[in-house]
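Worksheet: the structure to be examined is printed underneath.
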Amino acid sequence: HSGFTAEFTPREVGPHSISVEYNGHPVSGTPFIAKAYDAKRVYVGPLPQGHVGKPLQFTVDASQAGEGNLEITISAQGVNIPTQVHPQGNAKFAVSFVPIEPVDHVISIYFNKEAVPGSLFIAPVVGDFPLVTGSSLSHAPLGVDSYFTMSNVAGSLDDIEVNVEGGHSRRLRLY
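Take the sequence shown: its position 120, counting from 1, is numbered 120 in full-length UniProt numbering, and each next residue is one higher.
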């Protein structure tokens, strides 16, 4: 044999010291410290219903999971949403984001690259008021059609009125 494989099964979260000897002598690097963890011990607090344009916050408690890296991604319709993770001490975190559209937001949480129980989480988001977005609301090049979007509205185009003033603008189309 040119090598051997050793196997062990951690039974509790925390550091485990691994000493290895060959011919009665410690091998280079021994003792090794393996940091046992359990992604199943990461707890995610309840997700409140979100509202467009208003911060939504929830908690993540990894205090019983051992040492590791927490990864949190929030997306809406496949687009990642900027997310803030605020340490609260003792591996507890307050997570917040601002929804920009009234759709379910998908939250994936991983601990040491393992999905925590319940991941993927769904945060429902509703629109409380119309939201108008688009770069042409602040900059519109001459001679080029400019667009903006109005979301969080119900009803029909007859319910919407848009006026563009200043200079000579071409016709206004709603669709």
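All residues carry an ideal CB built from backbone N, CA and C; glycine is no exception.
If we ignore side chains and look at the alpha-carbon of each, how far apart do Tyr117 and Thr5 end up? Going by the sequence as given, residue 117 is Pro instead of Tyr. Looking at the two C-alpha atoms, the distance is approximately 31 Å.
Residue nearest to Phe111 in terms of C-alpha spacing, selected from Tyr147, Asp158, Lys92: Lys92
In or out: Pro99 buried (at least 16 other Cβ within 10 Å) or exposed? buried
Going by DSSP, which residues form a beta bridge with Gln84? Ser96
Which of the three DSSP states is assigned to Ala65 in this structure? coil
Does the beta-carbon of Leu120 have 16 or more other beta-carbons within 10 angstroms, so that it is buried, or is it exposed? exposed
Out of Ser17, Asn80, Pro26, state which residue places its alpha-carbon closest to the alpha-carbon of Lys35. Ser17
Which of the three DSSP states, helix, strand or coil, is assigned to Lys35? strand
Please say whether Ser108 and Thr73 have beta carbons closer to each other than 7 Å? yes
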